[in-house]
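For reference, the structure discussed in these notes is given below.
Numbering (the working numbering), first residue to last: 304 to 382.
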C-alpha cells in the first residue's frame, strides 16, 4: 500500500458482479476532498473518480443515459 492509499479514508463501499465483470463503488476521502471512485475489474482494472461536489450532476446525466438504455432493452427486436 503506497502513502496515498494510507491517507485515504473510506466512507462507503459496495460492489456488483455483472457477467464476467465486477464493479466497485467506493466513497472515499483524501487530502484533496471526498469523491466517488468506480472501479471495473475484468482481467484488467479501470476506474473513474467523481468529486462529490459534482455527484448530483453526474447522477442526473447517468440517469438520463440509463433511461435511454432501458428504452432500447424494452423495444422489440433490440436484442
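Glycine included, C-beta positions come from ideal geometry on N, C-alpha and C.
Own chain residues within Cβ distance below 6 Å of residue i, not counting five before or after
| i | result |
| --- | --- |
| residue 351 | 341 |
Distance, residue j Cα to residue i Cα
| i | j | result |
| --- | --- | --- |
| residue 331 | residue 355 | 10 Å |
| residue 336 | residue 370 | 30 Å |
| residue 314 | residue 374 | 34 Å |
| residue 312 | residue 343 | 20 Å |
Pick from the options that is closest to residue i, judged by C-alpha positions
| i | options | result |
| --- | --- | --- |
| residue 319 | 311, 365 and 328 | 328 |
| residue 348 | 324, 357, 358 and 310 | 324 |
Residues that DSSP places opposite residue i in a beta bridge
| i | result |
| --- | --- |
| residue 344 | 325 and 348 |
| residue 313 | 331 |
| residue 368 | Bridge partners of residue 368: none, in fact. |
Close-in-space but distant-in-sequence residues of the same chain around residue i (CB under 8 Å, 5 per side omitted)
| i | result |
| --- | --- |
| residue 338 | 330, 331, 332, 352, 353, 354 and 355 |
| residue 363 | none |
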